[in-house]
Amino acid sequence: MHVLLNGESRQFDDINTVAELVERLGLAGKRIAVEHNETIVPRSRHAETELSDNDRVEIVHAIGGG
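Residue numbers (full-length UniProt numbering): 1 to 66.
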């Protein structure tokens, strides 16, 4: 499946959901925000949000500071 990830075309095999993509990228458990086709996906919905070929996904890391 081709996914446009943070503006870059990427090929992923055996990934069906946002949760699986996050896991494959090594970001599970990290403080991130995910946008799927211009819609924010709450962490509680990562496992049920299915990906399709040519979907657009943006993932940003939450950085604390002060």
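In this text, a Cβ means the ideal position worked out from N, Cα and C, and glycines have one as well.
Each residue's CA atom was taken as its position, placing asparagine 6 and glutamate 35 some 10 Å apart.
DSSP places serine 52 in the coil class of the three-state scheme, outside both helix and strand. Of the candidates Ala19, Arg10 and Val60, Ala19 places its Cα closest to the Cα of arginine 45.
Of the residues Val3, Asn16, Ser9 and Leu4, the one whose Cα lies closest to the Cα of alanine 47 is Asn16. Per DSSP, the unbroken alpha helix (DSSP H) holding alanine 19 starts and ends at 18-24.
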